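Following: one structure in structure tokens, then a few remarks.
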Amino acid sequence: MFQSIDPATGAPAHTIPEMTADQVEAAVARAAAAFRDWRLTPLEARAALLEAIAEEFDRHRERLARLATTEMGKTLKSARAEVEKCAAGLRYYAQHGPAMLREIEVPSVGAARVRQVWLPIGPVLAVMPWNFPYWQVVRFLAPAIMAGNVGLLKHASLTQGCASAIEEMVAAAGAPAGLFQNLAIRAGAVAPLIADPRIAAVTLTGSEEAGAKVAAAAGSALKKVVLELGGSDPFIVMPSADLDRAVKTAVTARLQNAGQSCICAKRMIVHAEIYDAFAERFTEAMRAAKVGDPTDESVDLGPLSSAEQRDTVVAQLARFQAAGARLAGGEALPGKGAFLAPGVLTDVPPRDPIAQEELFGPVAMLFRVADIDEAIALANDVPFGLGSSVWTNDAAEQARFVRDLEAGMTAVNQMLASTPEAAFGGVKRSGHGRELGPWGMHEFMNLKTVTIADAPAPAPSPQVQGE
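Under my numbering, residue 596 is the last one in the sequence shown; the count climbs by one each step, no gaps.
So this is what it looks like as structure tokens:
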């Protein structure tokens, strides 16, 4: 039995029964059967289903938002925005997906004509986290459906109510049985599923530890895997930047989702020329952020996802301080909820092991650098390489950052965010493969090369000898 706990109150929220082995087997069988038919479904019908699912998300926006808030604590206004983003992502693939699947003409090789076609590969298993319980799923599911694949979801234990709700939205839109199913299972059941020959591929968003386990299982089964494993994204501010905008955006980038986003700006790297001014304004704005009931529209951030997650961050902060860092704010707040005050860490020793970890909560690390070379070196000096944000109006500096930052994504003079049309993913220990855009769809497709020889000229008819 899965029991979700409201992190704002500590009270039980939703109960979802755990699936038995027989139920899991039946679900996989349904997925395999659904794929045999769905792969032959015209693109127009696939697009129509995505539009219908988007309509279900729109129709149930408030209920879905409140469910996410109750299960993992994000503010109600951000939960609504997430549901709206899901609808937009579904419609993006409905509108643009068919063009992504066009045949590719290739210059002729010899006498043969060559073309390449995109074909689906089968059921895709998605292992997804709790921090964006709808969007993380939709950004795999929308391209999978458009591609002609089918989906199986192993969601986080914290958000099984959200997982069931997504399954409900897909079914209500008129999807064929087995096209998308939530598997209410524990982590230990994932490896056997990956080994099942009916599962074609796997995608995971989560921790390094979970990614290593899934990658090992997929490697043993020789199956494609896409991994998004988080990061410790730098937010770099240079002297030519608009300081007011940079400070305001840095606070939002660090505190979105209570600091529990893979692409949150976690390390503020600031040029010495403007460091003092940035540090003063940033620290003041962080401490002024309003923490409280996530259903209160005036609140900036709610609780962390669980008391366990809050305690993990508190323990990390203690280790930062033991290593010599200074902490302003960042204290656990009294009461039953898993609340943590926003905070700022300074004097962090960058080579200490604690500084190499991802800090998944509303606390920022602040670093002073002398020049662009030091900024880039410090930004790259972590095991992660997911996203980055750079603030400079110097075109040469922008080009350096784009070229030299070891990251899958770089935002210039803006906060990094995922969008349906652009590839999302990282390098180094942030994982491999890409989600979203045509690239996310093509990750789980067979690009088949077709060569067709020109028909030979007909042989001349034998002449009849005259008499």
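Each residue gets a CB set at the ideal place from its N, CA and C atoms; glycine is no exception. These figures come from a predicted structure and were not determined experimentally.
Got a sec? Which residues, its chain only, sit under 7 Å from residue 507 by beta carbon, not counting five neighbours each side? As a working note, residue 507 is residue 378 in the sequence shown. Excluding residues within five positions, the ones whose Cβ falls inside 7 Å are 398, 479, 496 and 498.
Where the alpha helix (DSSP H) containing residue 290 begins and where it ends: The residue given as residue 290 occupies position 161 in the sequence shown. Residues 289-301.
Alpha carbon to alpha carbon, how far is residue 258 from residue 265? Mapped onto the sequence shown, residue 258 falls at position 129. Mapped onto the sequence shown, residue 265 falls at position 136. If you take the alpha carbons of residue 258 and residue 265, they lie about 7 Å apart.
Could you tell me whether the Cβ atoms of residue 357 and residue 564 are closer together than 9 Å? Translated into the one-based positions of the sequence shown, residue 357 becomes position 228. Translated into the one-based positions of the sequence shown, residue 564 becomes position 435. Closer than 9 Å, so yes.
To test your reading of the DSSP string, which unbroken beta strand (DSSP E) runs of 3 or more residues are found completely within the stretch 198-256? Along the stretch 198-256, the beta strand (DSSP E) occurs as fully enclosed runs of 3 or more residues at 233-238, 241-249 and 252-256, listed in sequence order.
With 16 other Cβ atoms within 10 Å as the buried cut-off, status of residue 593: As a first step, residue 593 is located in the sequence shown; it is residue number 464 there, counting from the start. Bear in mind that a pLDDT of 44 at residue 593, under 50, signals an unreliable position, so the number given afterwards is only what the model happens to contain. Exposed is the call here.
Runs of beta strand (DSSP E) lying entirely within the stretch 465-527, each at least 3 residues, in chain order: 472-475, 492-498 and 518-520
In whole angstroms, what separates the C-alpha of residue 571 from that of residue 278? Here residue 571 is taken as the residue at index 442 of the sequence shown, counted from 1. Here residue 278 is taken as the residue at index 149 of the sequence shown, counted from 1. The straight-line gap from Cα to Cα measures roughly 11 Å.
Can you tell me whether DSSP reads residue 260 as helix, strand or coil? One-based indexing of the sequence shown puts residue 260 at position 131. In the structure shown, residue 260 sits in coil (DSSP, three-state: anything other than H, G, I, E or B).
Which whole-angstrom value describes the C-beta separation of residue 290 and residue 309, a residue pair presumed to lie in contact below a C-beta threshold of 8 Å? As a working mapping, residue 290 is identified with position 161 in the sequence shown. As a working mapping, residue 309 is identified with position 180 in the sequence shown. The Cβ separation is near 16 Å, so there is no contact.
Between which two residues does the beta strand (DSSP E) harbouring residue 397 extend? Counting from 1 along the sequence shown, the entry for residue 397 is found at position 268. Element bounds for residue 397: 394-400.
Three-state secondary structure (DSSP) at residue 309? For this step, residue 309 is matched to residue 180 along the sequence shown. In this structure, residue 309 counts as strand in the three-state DSSP scheme.
Using the beta-carbon count (16 or more within 10 Å), is residue 224 buried or exposed? Position 95 of the sequence shown, counted from the start, is the residue given in the question as residue 224. Its Cβ having fewer than 16 others within 10 Å, residue 224 is exposed.
So what does residue 540 bridge to, in DSSP terms? Position 411 of the sequence shown, counted from the first residue, corresponds to residue 540. Beta-bridge pairing links residue 540 to 518.
Less than 9 Å between the beta carbons of residue 303 and residue 164, yes or no? Here residue 303 refers to the residue found at position 174 of the sequence shown. Here residue 164 refers to the residue found at position 35 of the sequence shown. No.
Sorted by chain position, which residues of the same chain lie with C-beta nearer than 8 Å to residue 523's C-beta, five sequence neighbours on each side aside? For the purposes of this step, residue 523 is taken as the residue at position 394 of the sequence shown. Apart from sequence neighbours up to five positions away, the residues of its chain that approach residue 523 with a beta-carbon distance below 8 Å are 367 and 369, ordered along the chain.
8 Å CB neighbourhood of residue 324 in its chain, flanking five on each side removed: As a first step, residue 324 is located in the sequence shown; it is residue number 195 there, counting from the start. Cβ within range, chain order: 346, 349 and 350.
Express the C-alpha separation of residue 243 and residue 595 in angstroms, rounding to a whole number. Taking the first residue of the sequence shown as position 1, residue 595 is located at position 466. Taking the first residue of the sequence shown as position 1, residue 243 is located at position 114. With a pLDDT of 41 at residue 595, under the threshold of 50, the predicted position of this residue should be treated as unreliable, and no value is reported.
At least 3 beta-carbon pairs within less than 8 Å: the stretch 228-236 vs the stretch 245-255: In short, these stretches touch, since the Cβ pair count reaches three.
Counting Cβ pairs closer than 8 Å, one from the stretch 144-160 and one from the stretch 320-335, do we hit at least three? yes
Tell whether a beta-carbon distance below 9 Å holds between residue 535 and residue 575. Looking up residue 535 in the sequence shown gives position 406. Looking up residue 575 in the sequence shown gives position 446. Going by C-beta atoms, residue 535 is not nearer than 9 Å to residue 575.
State the DSSP-derived secondary structure class of residue 286, mapped to helix, strand or coil. Taking the first residue of the sequence shown as 1, we reach residue 286 at position 157. Residue 286 falls in the helix class under three-state DSSP.
Relative to the C-alpha of residue 601, which residue among 500, 455, 493 and 484 is closest? The displayed coordinates of the chain run from 130 to 596. Any statement about residue 601 would go beyond what the structure contains.
Three-state secondary structure (DSSP) at residue 582? In the sequence shown, counting from the first residue as 1, residue 582 sits at position 453. DSSP places residue 582 in strand when its eight states are reduced to three.
Can you find at least 3 beta carbon pairs, one from the stretch 513-521 and one from the stretch 430-442, that sit closer than 8 Å? no
Under 8 Å: do the stretch 261-276 and the stretch 407-425 share three or more Cβ pairs, one atom per stretch? When C-beta atoms of the stretch 261-276 are compared with those of the stretch 407-425, fewer than three pairs fall below 8 Å, so the two segments do not count as touching.
List the residues that DSSP assigns as beta-bridge partners of residue 131. Taking the sequence shown and counting its residues from 1, the one referred to as residue 131 is at position 2. In the DSSP output, where bridge partners are listed per residue, residue 131 has 145.
Do the CB positions of residue 388 and residue 489 come within less than 9 Å of each other? Position 259 of the sequence shown, counting from 1, holds the residue named residue 388. Position 360 of the sequence shown, counting from 1, holds the residue named residue 489. In this structure, residue 489 lies closer than 9 Å to residue 388 by Cβ.
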